[in-house]
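Data first, discussion second: the structure below is written as structure tokens.
Now the structure itself:
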């Protein structure tokens with residue numbers, strides 16, 4: 001085809017694009033936006049398909065068969081997540097006026113300037129080659145269609161097609177990409193033009209495909225069966241030359257790309273008009289991808305069948321129609337390729353220019369120069385944006401000229417994908433995980449990029465001769481483990497997949513580890529919260545809690561006017577006033593919500609970090625530092641904690657009160673007991689003392705008493721004194737037992753002996769009372785370690801009690817046996833017995849005292865209590881088995 | 897909007913398109929003139945789109961703004 005025809009067609013098409021864009025802008029100005037439609041939105045997403053899709057897929061298919069589909073299946077799989085993940089991103093971006101990936105990352109990690117700059121820089125580095133690729137694709141297609149290979153001689157700028165192409169595209173970009181200083185405004189013209197181009201490229205490719213399949217051949221089955229008959233073509237009917245791991249990783253890679261490529265972020269997030277459009281897009285976009293890839297394989301096979309070798313397979317789409325002499329179709333295909341390439345260039349350049357201006361240039365500018373309050377920065381900012389676009393195009397053009405023929409069409413795209421995939425942890429995980437920190441993101445991205453560079457860029461530099469080849473073959477300093485294409489010995493992988501794996505592996509690793517280990521600033525914490533929760537509802541972000549101070553309305557409006565122009569600033573404030581039904585006077589202190597509103601609007605113009613900077617300059621205030629922020633948080637936290645504490649304490653208090661009451665009860669009863677004890681003791685003491693006194697007085701007063709009488713009285717005195725002494729001893733002893741101060745005098749004790757002694761002692765008394773006293777011992781000589789005297793006392797006490805309560809004619813029997821390991825001593829009587837209810841009570845100290853139904857006994861009433869205590873001190877037990885009217889058996893055990 | 901079906905969809909089709917399920921079809925045979933793998937991949941793809949269509953269009957019938 002004639003060169004001039006090509007130029008004419010190209011120029012006509014470009015004019016069409018300009019016209020379409022201009023049309024859309026006009027409609028938008030009339031508030032009848034054309035990009036409101038979900039179909040336009042879905043079509044604009046198809047900017048994902050570039051010249052690489054158009055030409056390169058066919059080339060890839062000749063090498064690896066259906067493997068080329070991986071790059072389109074990834075976005076397809078992400079499509080259902082449009083309504084969750086993507087919508088979340090959109091909401092966050094809207095509420096914070098985020099206009100690029102760099103801004104997103106910067107905002108998430110505390111409006112951090114350096115992180116945003118890093119992301120911007122790396123995006124440029126990763127994507128500019130991809131832009132160059134598009135330019136090269138167009139120029140190559142021109143060469144093919146005019147059958148004029150480029151002059152390999154000296155380079156003449158003005159004869160260079162690529163140069164004019166770049167110029168034309170730059171004009172479009174500047175005209176439709178930098179119309180407004182507010183980057184968050186929609187680029188209606190650009191979006192509509194891109195959507196149109198999506199249609200054009202799809203139509204062109206489909207027509208070409210149909211023609212090739214049904215015109216050149218006899219349908220799909222014809223092509224495929226022909227392919228099946230050739231050995232080398234048969235494998236291309238499936239996925240060949242690729243491992244399944246590579247297939248899966250490529251899908252994952254493209255999933256990252258569809259979300260993180262600057263152009264995708266631009267059309268998906270920034271240019272999104274309505275969230276509802278996501279619904280349609282979720283199935284429309286995959287459908288588009290399916291339609292544009294379905295002819296790739298047939299075309300690839302047809303090309304190989306027609307041309308034999310698979311050299312320049314990328315160009316089959318164009319060369320096949322030409323081969324058949326169909327110039328019209330060739331022209332259509334050419335235009336389709338042109339569309340595919342140019343739409344990518346346009347959107348990508350606009351997206352990157354926003355990043356450059358907002359995250360690289362403006363922060364530097366704002367921090368170095370002193371801001372003159374009265375100057376209007378609108379034009380300055382626009383100029384920066386436009387110049388960024390020019391610079392970007394120049395870079396892309398330069399790169400294309402420099403690297404030129406060494407560029408394989410396909411892999412550059414994937415290299416770019418891998419570059420932007422480095423943002424995945426910081427963006428995707430950072431949206432959900434509040435623990436992600438700035439340092440973590442920084443570490444991850446830096447490491448990821450370093451590995452990306454090392455495994456993908458460095459080797460290509462070696463390939464063009466800029467670096468020694470041994471670097472790739474043997475590794476740096478001959479370290480085989482560090483070979484750029486085979487890091488750590490991972491063999492058998494496509495370089496891109498290999499790079500993707502390692503770069504993201506270390507990226508993710510460092511991201512998580514450093515985040516876990518680093519402390520986050522107050523800003524970061526706040527932003528993390530906002531990001532995690534801003535997605536919940538479609539409302540604007542709440543007032544930042546850490547502004548303090550005040551500013552006048554006039555100052556704020558002036559600040560906005562600096563960057564948006566007086567009219568726009570005024571409109572915004574007027575709208576605000578209407579919404580909140582306020583009157584805004586310049587000298588008035590700005591109402592609460594006006595400050596974040598101003599900051600938000602500014603973010604759209606100068607980016608998040610720049611906006612924050614500007615706000616700080618005007619609003620004479622400080623951000624609350626970490627301490628204050630923590631204090632505020634702590635206060636509110638404290639309230640919650642206090643509340644909990646309060647409830648816990650009152651529960652404890654209740655418990656304590658109850659315990660106190662119980663103790664009180666016990667004390668009172670103990671008190672009562674003590675009183676009784678005192679009463680009884682004093683009573684008991686008094687009685688003998690009284691007797692003694694009485695007797696002594698008589699003897700004293702009447703000295704003509706008969707000697708026999710005198711004897712009698714004196715013996716009473718003696719007896720009572722003894723009794724008194726005995727009582728006191730008992731009391732004291734019991735007290736000592738109770739307080740644990742009594743020290744047992746331990747020695748081996750022969751129980752049988754003790755029993756015999758006691759029995760012998762009481763024989764007389766028993767006889768007097770008419771009670772028979774028997775002992776029942778075995779031949780075993782039971783021995784225990786104990787205090788002989790005390791044990792004797794116990795036996796005495798039990799026997800004397802038994803004798804006391806056994807009427808004449810009854811019997812008392814003492815037996816000693818062993819049950820298991822214990823020695824059991826039983827004292828059985830045939831007395832009146834003890835009611836079961838009293839079995840415990842009789843061992844109480846003052847039982848007898850309380851129960852005055854019994855005859856006043858001898859003794860203190862403490863006998864059983866003391867016995868029990870003694871037995872327990874020896875590690876035994878003392879109890880009674882009895883029923884009323886059936887006698888009583890007192891049993892005690894001793895450890896043997 | 898049911899969030900769960902969407903993510904289940906995503907996972908399910910991810911599995912269908914990968915080893916080992918997809919590898920079963922990766923044989924250079926023709927089915928009605930179409931390569932098996934070609935038919936499988938595009939078939940699954942189309943199915944996926946239809947499912948998405950149904951889910952999205954059905955929920956758009958509900959006027960309430962879907963939750964996240």
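Residue numbers (our numbering), protein chains in the order written: chain A, 1 to 896; chain B, 897 to 964. Glycine included, C-beta positions come from ideal geometry on N, C-alpha and C. Since we're looking at a predicted model, the values are computed, not measured.
Spell out whether any CB of chain A is found under 8 Å from the CB atom of residue i.
i	result
residue 943 (chain B)	no
residue 929 (chain B)	yes
residue 917 (chain B)	no
residue 902 (chain B)	yes
residue 912 (chain B)	no
residue 920 (chain B)	no
residue 908 (chain B)	no
When the Cα atoms are used, what is the spatial distance from residue i to residue j?
i	j	result
residue 649 (chain A)	residue 643 (chain A)	10 Å
residue 527 (chain A)	residue 563 (chain A)	25 Å
residue 557 (chain A)	residue 181 (chain A)	16 Å
residue 19 (chain A)	residue 429 (chain A)	42 Å
residue 954 (chain B)	residue 83 (chain A)	14 Å
residue 587 (chain A)	residue 282 (chain A)	50 Å
residue 603 (chain A)	residue 652 (chain A)	54 Å
residue 959 (chain B)	residue 79 (chain A)	Because the pLDDT at residue 959 (chain B) is just 43, under 50, the model does not fix this residue reliably, and the value given afterwards should be weighed accordingly. The alpha-carbon atoms of residue 959 (chain B) and residue 79 (chain A) are separated by roughly 22 Å.
residue 608 (chain A)	residue 189 (chain A)	25 Å
residue 799 (chain A)	residue 719 (chain A)	21 Å
residue 685 (chain A)	residue 766 (chain A)	28 Å
residue 139 (chain A)	residue 162 (chain A)	6 Å
residue 304 (chain A)	residue 507 (chain A)	41 Å
residue 98 (chain A)	residue 438 (chain A)	18 Å
residue 16 (chain A)	residue 159 (chain A)	24 Å
residue 744 (chain A)	residue 830 (chain A)	33 Å
residue 85 (chain A)	residue 418 (chain A)	20 Å
residue 296 (chain A)	residue 581 (chain A)	60 Å
Could you pull the DSSP bridge partners for residue i from this structure?
i	result
residue 931 (chain B)	B:926
residue 29 (chain A)	Answer by DSSP bridge pairing: none, since residue 29 (chain A) is not bridged.
residue 774 (chain A)	A:813
residue 826 (chain A)	A:815 and A:891
residue 645 (chain A)	According to DSSP, residue 645 (chain A) bridges with nothing at all.
residue 490 (chain A)	Paired residue(s): none; residue 490 (chain A) is not in a bridge.
residue 882 (chain A)	A:888
residue 482 (chain A)	A:487
So that I know if they touch, is there some Cβ in chain B lying closer than 8 Å to that of residue i?
i	result
residue 234 (chain A)	yes
residue 158 (chain A)	no
residue 224 (chain A)	yes
residue 363 (chain A)	no
residue 66 (chain A)	yes
residue 303 (chain A)	no
residue 244 (chain A)	yes
residue 221 (chain A)	yes
residue 294 (chain A)	yes
residue 433 (chain A)	no
residue 173 (chain A)	no
residue 51 (chain A)	no
residue 410 (chain A)	With a pLDDT of only 48 at residue 410 (chain A), under 50, the local geometry of the prediction cannot be trusted, and the value read off the model is given with reservation. False, the Cβ-Cβ gap to chain B never drops below 8 Å.
residue 59 (chain A)	no
residue 429 (chain A)	no
Can you check whether the C-beta of residue i is within less than 8 Å of a C-beta belonging to chain C?
i	result
residue 228 (chain A)	Of the chains in the structure shown, none is chain C; the protein chains are A and B.
Item to check | Members of the stretch 86-106 of chain A near chain B, C-beta cut-off 9 Å | outcome: 87, 88 and 91
Next on the checklist: So if I threshold CB-CB distances at 8 Å, which residues from the stretch 276-288 of chain A count as touching chain B?
Outcome noted: 276, 279, 280, 282, 283, 286 and 287
Next on the checklist: If the cut-off is 7 Å on Cβ atoms, which residues from the stretch 71-86 of chain A count as contacting chain B, listed in chain order?
Outcome noted: 73, 76, 77, 79, 80, 81, 83 and 84
Item to check | Within the stretch 329-376 of chain A, ranges of the alpha helix (DSSP H) (whole runs, at least 4 residues) | outcome: 362-368
Next on the checklist: Which complete alpha helix (DSSP H) runs does the stretch 209-252 of chain A hold, if anything under 4 residues is left out?
Outcome noted: Complete alpha helix (DSSP H) runs here, min 4: 220-229 and 231-234.
Checklist entry - Going along the chain, which residues of the stretch 467-491 of chain A sit with their C-beta nearer than 7 Å to a C-beta in chain B? => result none
Next on the checklist: Quick check for students: name the residue ranges of the beta strand (DSSP E) that lie wholly in the stretch 754-805 of chain A, counting only runs of 3 or more.
Outcome noted: Runs of the beta strand (DSSP E) lying entirely within the stretch 754-805 of chain A and spanning at least 3 residues, in chain order: 772-776 and 783-786.
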